[in-house]
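Residue numbers (my numbering): 285 to 705.
We put the CB at the ideal spot given by N, CA and C, even for glycine.
One structure is given below, encoded as structure tokens.
Here's what the structure looks like:
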């Protein structure tokens, strides 16, 4: 959420080590990029940090006047028992400003669980607290879309062309107010089901908003998403617009992708990512003529796994764990040409002299929608055909042409010869 202050209640490193790890972009406010922390000391941990938290909230509101303040608990403050809810409630009444407690300390579990707890906080304290200026029959929410590298901006124009109004984004390029009136949408479109499926199901129970699970990666998935939304609304005119847009966009895309397909056709890749990308990127790769020989299922739901099996076929490998040793074993076994994974696996690929493409939240290139397909194809070609791979796979210069009677000169002897010369 871009127009609010995100305050991390804990020691300095809790905020510093995690800040800006996700490359979400904003079309407006940039306050979300500023890191706020209570910077707890040893004394604060011993005697409690609630007073310091209240003071930090006060200073943040007076200096920056955000639309709201989101306060995040950490392992330390959760263990010492600071009452986040009480402090946030008192500050909200005092300053007449929404102050939202997010109780998601690191020790509770995985990143996905943290996302779900954040979704619970939005449901309990934000969604339903404001009303939109107007509504239409075709209002939708995008849930689990974070606008990584601005990729949502390549998708929103498609919705506008066919008459679909995106009422709220949760939470990519979102403003506080639009999240607050998300309960007035007619349909929730789930993009990452593992992270925020609880939000979609509870909004269905609480507000009667149905939801569908879709993906913006790959031509077929984008086409299916547009068709499914139009089908849900049952509007014949909208369905006709969708087919027209799909025909126009895919025709232009085929022309743009042709030079890349010639280079990528028949290449084999190992995909190691999580959630919806574990199967949606397979679809995108197939559109480019690439064969995905293995993918991960670490963060995938049972529905995700069923889709993976269908897309990979009987010979595809589904990896539950992806430590460096296992990844290298799979790459060697499948004769893969490339590894597509998150930034933490880049070292593994480079060490093995295997081309690598970053697909996770740290990336700087948008891959969603039709325009994202062209960007992905370009990045894949640049990675696969970089001249560095030809260089690093060659024998070392000092080992070439050495006969039985010849011995390589030691580095120290080379240095001494150069000095004496």
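Reference residue i; option with closest CA among the options
i, options, result
"residue 312", "391, 431, 674 and 574", "431"
"residue 343", "510, 332, 358 and 322", "322"
"residue 657", "568, 593, 637 and 603", "568"
"residue 386", "412, 379, 378 and 352", "352"
"residue 534", "499, 559 and 506", "506"
"residue 435", "501, 469 and 465", "501"
"residue 466", "617, 420 and 433", "420"
"residue 553", "655, 638, 363 and 315", "638"
"residue 537", "571, 525 and 519", "571"
"residue 363", "532, 329 and 285", "329"
"residue 666", "655, 529, 325 and 642", "642"
"residue 524", "299, 446 and 631", "446"
"residue 602", "609, 614 and 297", "614"
"residue 413", "339, 439, 400 and 491", "491"
"residue 456", "286, 651 and 662", "286"
"residue 442", "335, 655 and 675", "655"
"residue 410", "454, 471, 320 and 550", "454"
"residue 398", "617, 464 and 483", "483"
"residue 663", "624, 674, 679 and 560", "624"
"residue 532", "503, 546, 512 and 684", "503"
"residue 326", "320, 337, 310 and 360", "360"
"residue 566", "593, 489 and 437", "593"
"residue 604", "580, 633 and 661", "580"
"residue 555", "574, 408 and 544", "574"
"residue 621", "304, 547, 337 and 485", "547"
"residue 288", "320, 563 and 460", "460"
"residue 499", "493, 475, 528 and 488", "475"
Enclosing beta strand (DSSP E) for residue i [first to last residue]
i, result
"residue 293", "289-293"
"residue 579", "575-580"
"residue 646", "Counting along the chain, residue 646 falls outside any beta strand (DSSP E), and DSSP gives it neither H nor E."
"residue 474", "471-474"
"residue 496", "495-497"
"residue 552", "552-556"
"residue 641", "640-642"
"residue 355", "353-357"
Residue burial classification, residue i (beta-carbon count within 10 angstroms, cutoff 16)
i, result
"residue 358", "buried"
"residue 640", "buried"
"residue 331", "exposed"
"residue 291", "buried"
"residue 692", "Unreliable placement is indicated for residue 692, whose pLDDT of 46 sits below 50; no coordinate value is reported for it."
"residue 669", "exposed"
"residue 348", "exposed"
"residue 682", "exposed"
"residue 587", "exposed"
"residue 628", "exposed"
"residue 699", "Only weak support is given to the placement of residue 699: the predicted model assigns it a pLDDT of 33, under 50, and the value that follows is read from those uncertain coordinates. Label assigned to residue 699: exposed."
"residue 295", "buried"
"residue 644", "buried"
"residue 426", "buried"
"residue 389", "buried"
"residue 318", "exposed"
"residue 468", "buried"
"residue 510", "buried"
"residue 695", "Low local confidence applies: a pLDDT of 39 at residue 695 is under 50, so the model's placement there is unreliable, with the coordinate-based value given in what follows. Result: exposed."
"residue 423", "buried"
"residue 392", "exposed"
"residue 518", "exposed"
"residue 380", "exposed"
"residue 333", "buried"
"residue 365", "exposed"
"residue 705", "With a pLDDT of only 38 at residue 705, under 50, the local geometry of the prediction cannot be trusted, and no value is derived from it."
"residue 652", "buried"
Anticipated Cβ contact below 8 Å, residue i with residue j, distance rounded
i, j, result
"residue 767", "residue 368", "In this structure the chain extends from 285 to 705, so residue 767 is not present and cannot be described."
"residue 451", "residue 444", "Between residue 444 and residue 451 the Cβ distance is about 13 Å, and since that is not below 8 Å, they are no contact."
"residue 558", "residue 583", "3 Å"
"residue 636", "residue 612", "5 Å"
"residue 646", "residue 307", "6 Å"
"residue 458", "residue 396", "Incorrect: roughly 20 Å between the Cβ atoms, too far for contact."
"residue 481", "residue 487", "Contact flag wrong, Cβ pair sits at about 11 Å."
Run of the alpha helix (DSSP H) containing residue i, from where it starts to where it stops
i, result
"residue 659", "653-668"
"residue 326", "326-331"
"residue 462", "460-464"
"residue 562", "561-571"
"residue 501", "That residue, residue 501, is in no alpha helix (DSSP H); it is neither H nor E in DSSP."
"residue 492", "No alpha helix (DSSP H) holds residue 492; DSSP gives it neither H nor E."
"residue 337", "334-348"
"residue 674", "671-676"
"residue 299", "296-300"
message: Which runs of the alpha helix (DSSP H) at least 4 residues long sit entirely within the stretch 371-456? Give them in chain order.
response: 395-409 and 440-446
field: beta strand (DSSP E) runs contained entirely in the stretch 597-634, provided each spans 3 or more residues
entry: Taking only runs of at least 3 residues, the beta strand (DSSP E) segments lying wholly in the stretch 597-634 are 601-603 and 622-625.
- request: Identify every run of the beta strand (DSSP E) within the stretch 503-532, keeping only runs that are complete inside it and at least 3 residues long; order them along the chain.
  value: none
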